[in-house]
Amino acid sequence: MQSEPERELISSSLDVCLVQDDPTLQRHFKGHRDAVRSLDFSSNMKQIGTVCFTHPAIHILIPIAFGHKCALTAQNTRVFSVKGESTVFRAHTGTMRSVSFSSDGQALLTSSDDKSIKVWTVHCQKFIFFLNQHINWVRCAKFSPDGRLIVSASDDKTVKLWDKNSSECIHSFCEHVNHADFHPSGTCIAAASTDNTVKVWDTRTHKLLQHYQDDAMVNSLSFHPSGNYLITASSDSTLKILDLLEGRLLYTLHGHQGPASCVSFLRTGDFFASGGSDEQLSSCVMVWRTNFDSVDYNEVLQQKDARDEKASESGAAGLSDSHTSQKSGSTAPVRPGASVDAPSDGQQDSVPTALTSTLQHIVGQLDVLIKTVAILEQRLTLTEDKLKE
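Numbering follows my numbering, in which position 27 of the sequence shown is assigned residue number 28; successive positions increment by one, without gaps.
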C-alpha cells in the first residue's frame, strides 16, 4: 500500500490498525466505546471527524500518515500517536449525533440530543453561534458547499434549511430522516429516511427530484465531489453506491459486521470513510479507496496503447472475455478481506486500436456534455435570481 500525505484525525476514542493487504480498504480504526454515529473529512485532507454515540467530547489528534503503523487509545484526556498532540473540548450537554467541517476547513458544525446545532472554529475550538429551533434530538447538521446554508435533520420529523449569516430557518421539509447532506452544487439535498428510502430535493423549488428504495433503514449518506454518485450506510451493514445520472444502484459493499451508521467522502473523492459497530459491540472506522470514478478512463486507455501497437505487429486483434472481466473487476470496489488475483500475461489480450479510438471519442463527448449541463445550470440559476429580484 502506498504511503499518503500526513493526515490529522478527530475522534473521541480510537484504536488504530492498518489493513495493508487489501486493495480497497486503506485503514481500519477501532476503539470507540459505542457505535460511531458520524464522521467527516476536512477540506485540507488532514482531518477526519468522528463522533461516538455516548460521548459529548471531541478529540483532535495530529498528525497521522496513511501507510504507517500506529496505535491510538483515548479516555477523554490521554491520547497517544506516532507524533503530534491531541486536544479535547466538550461540545454539548447531550450525546453528539454529527460532526461536519465547512468547505474551507475553518469551522466545525455539531448536532446533539440537547436539541441544538453549534458552530465552532477548528483552530482554537471557539464557540461561534448555535441554532435551536428544533424541538427534538438533532441527528445531523451539514454545511452547504459555499458555506451560506446549513441543513439539519431532527427527530421532530423535520429537515430544516438555515441561513448561516442570519441564523434563520428558511424552509422546513416534513420528513422523519436520520441524515441529510448537500449536493456539491449546493442546489439540492439528499436525506436518508427511516422508511428505508433515500430522497433528493431541490433546495430552490423544494420539489422531490429522486427517490431510492433500500432493503433496510438508511443511517447516513454522502455525495461524491463530482456530484454523480451518492453513497449510503444502512442498518443491514452494507454501503450502497448510487449512480445519480442513471438513477440506479451501482455497487453494494459488505465490509461491516454490524449496522453501518455513517459514511463520508473525502473532498477530493479519492477516499471515503465508513463507521459502525460489529457483532461484539465494538466500533470501527474504515477508510476505503474510491475506484469507480470515470476520471481514470483516459489514463486506462493510454496504458493500453502500448499493448495495442505490439498486438498489431503480431496480428493479434479482438477483445477477449477474460479481458472484459478484468476491466469490469478493476472498477468495482472490493470487499474488505477479499483477494484480487492478477491475471497472467497470457490472459491479457489487447484492445483493438479502433475500439480505443472510439472509447476516447465517447469520453470526450461525455466531457463536453457535462460542461454543457453545468453551463445550463449556471444560466438557470442566474435567471432564477433575476426573477426573484
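Even for Gly, the Cβ is constructed at its ideal location relative to N, Cα and C.
{"Asked": "Please report the distance separating the alpha-carbon of D203 from that of G187.", "Found": "9 Å"}
{"Asked": "Looking at the structure shown, is V364 part of a helix, part of a strand, or coil, going by DSSP?", "Found": "helix"}
{"Asked": "Where DSSP assigns a beta bridge to T233, which residues make up the other side?", "Found": "L222, K241"}
{"Asked": "Could you tell me the alpha carbon to alpha carbon distance between T96 and V286, rounded to whole angstroms?", "Found": "19 Å"}
{"Asked": "Return the Cβ separation of I171 and D157 in integer angstroms, given the expectation that the two are a contact with Cβ distance under 8 Å.", "Found": "The Cβ separation is near 17 Å, so there is no contact."}
{"Asked": "Tell me, to the nearest whole angstrom, how far the beta carbon of Q220 is from that of C263; I am working on the premise that it is less than 8 Å.", "Found": "In the sequence under discussion, the amino acid at residue 220 is Asn, which differs from the Gln named in the question. That pair is a contact at about 7 Å."}
{"Asked": "What did DSSP end up calling L110 once you bin it into helix, strand or coil?", "Found": "strand"}
{"Asked": "Within 8 Å, do at least three Cβ pairs link the stretch 233–247 to the stretch 158–170?", "Found": "no"}
{"Asked": "Would DSSP call A92 helix, strand or coil?", "Found": "coil"}
{"Asked": "Under the three-state reduction of DSSP, which class applies to E134: helix, strand or coil?", "Found": "First, the amino acid is wrong: residue 134 is Gln here, not Glu. Q134: coil per DSSP, three-state reduction."}
{"Asked": "Tell me, to the nearest whole angstrom, how far the beta carbon of C141 is from that of A191; I am working on the premise that it is less than 8 Å.", "Found": "That belief does not hold up - the Cβ atoms of C141 and A191 are roughly 11 Å apart, past 8 Å."}
{"Asked": "Can you give me the Cβ contacts of C189 inside the same chain, cut-off strictly under 7 Å, excluding the 5 residues immediately before and after it?", "Found": "V201, W202, D203, T204, L210"}
{"Asked": "State buried or exposed for V199, treating a residue as buried only when at least 16 other CB atoms are found within 10 Å of its CB.", "Found": "buried"}
{"Asked": "On the DSSP bridge list, what partners appear for T383?", "Found": "Note that residue 383 is Leu in the sequence shown here, rather than Thr. For L383, which the question treats as bridged, DSSP gives no partner whatsoever."}
{"Asked": "What residue range does the beta strand (DSSP E) around G277 cover?", "Found": "272–278"}
{"Asked": "Skipping 5 residues on each side, what residues in its chain have a beta carbon closer than 6 Å to that of H1?", "Found": "As shown, the chain starts at 2 and ends at 390. That puts residue 1 outside it, with no answer to give."}
{"Asked": "Quick check on S168: does DSSP put it in helix, strand or coil?", "Found": "coil"}
{"Asked": "Measuring straight from C-alpha to C-alpha, what distance separates Q258 and T111?", "Found": "27 Å"}
{"Asked": "Looking at the strands, I want to know which residues DSSP matches up with A191.", "Found": "D182, V201"}
{"Asked": "Helix, strand or coil for A375, going by three-state DSSP, please let me know.", "Found": "helix"}
{"Asked": "Please determine, among H207, A193, S236, R91, the residue with the shortest C-alpha to C-alpha distance to C125.", "Found": "R91"}
{"Asked": "Counting C-beta neighbours from all protein chains within 10 Å, is the total for F130 16 or more, i.e. buried, or is it exposed?", "Found": "exposed"}
{"Asked": "Tell me, to the nearest whole angstrom, how far the beta carbon of T103 is from that of F144; I am working on the premise that it is less than 8 Å.", "Found": "The sequence given here has Ser at residue 103, not Thr. Contact flag correct, Cβ pair sits at about 5 Å."}
{"Asked": "In this structure, how does DSSP classify T253 when only helix, strand and coil are distinguished?", "Found": "strand"}
{"Asked": "Roughly how many angstroms separate the alpha carbons of V120 and V152, rounded to a whole number?", "Found": "13 Å"}
{"Asked": "CB-CB under 6 Å to D164, same chain, minus the five flanking residues each way: which ones, in chain order?", "Found": "I171"}
{"Asked": "From which residue to which residue does the beta strand (DSSP E) around C141 run?", "Found": "139–144"}
{"Asked": "If you compare alpha carbons, which of Q107, S113, D215, E169 is closest to T94?", "Found": "S113"}
{"Asked": "What did DSSP end up calling T359 once you bin it into helix, strand or coil?", "Found": "helix"}
{"Asked": "What is the C-beta distance between P260 and S238, in whole angstroms, given that I count them as a contact (C-beta under 8 Å)?", "Found": "6 Å"}
{"Asked": "Based on the DSSP secondary-structure assignment, which residues constitute the bridge partners of K389?", "Found": "According to DSSP, K389 bridges with nothing at all."}
{"Asked": "Could you check what DSSP says for T269 in three-state terms: helix, strand or coil?", "Found": "coil"}
{"Asked": "What are the start and end residues of the beta strand (DSSP E) that includes K119?", "Found": "118–122"}
{"Asked": "Taking C-beta to C-beta, are V139 and I118 nearer than 9 Å?", "Found": "yes"}
{"Asked": "Going by the CB atoms, is the gap between H177 and T206 shorter than 9 Å?", "Found": "no"}
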